[in-house]
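Undergrad: In terms of my numbering, the sequence shown opens at residue 723 and continues consecutively.
The structure under discussion is supplied below as structure tokens; questions concerning it will follow.
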Amino acid sequence: MSSSRSTGFRRPAGFEVLREVPQHTNNNLHTVAEALIGWALGQSLLEPVGQELGEAMQRHSDQEGAPDQPQ
């Protein structure tokens, strides 16, 4: 299966989002990954990671023609 059920992203776009967020927030990849895991477990997502994540997801959903991301 080549797409994610939760976002509609194809795997390459998901990896691109994960690559871009640390670059745009001046955080290490492992810091962003830990924040995302914590968020999935119910912790709040710290800014600017949350803001950049939303922006990166929107950029890639526009590129792939995926539906808008849930709010």
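Built from N, CA and C at the ideal position, the CB exists for glycine as well.
#1: Determine the extent of the alpha helix (DSSP H) in which residue 760 is found, giving its start and end residues.
#2: Apply the 10 Å Cβ neighbour rule to residue 752 and answer buried if 16 or more other Cβ atoms are within range, or exposed otherwise.
#3: Can you tell me whether DSSP reads residue 734 as helix, strand or coil?
#4: In its own chain, which residues sit with a C-beta less than 6 Å from the C-beta of residue 743, not counting the 5 before and 5 after it?
TA: The answer reads as follows:
#1: 751 to 762
#2: exposed
#3: helix
#4: 754, 774, 775 and 778
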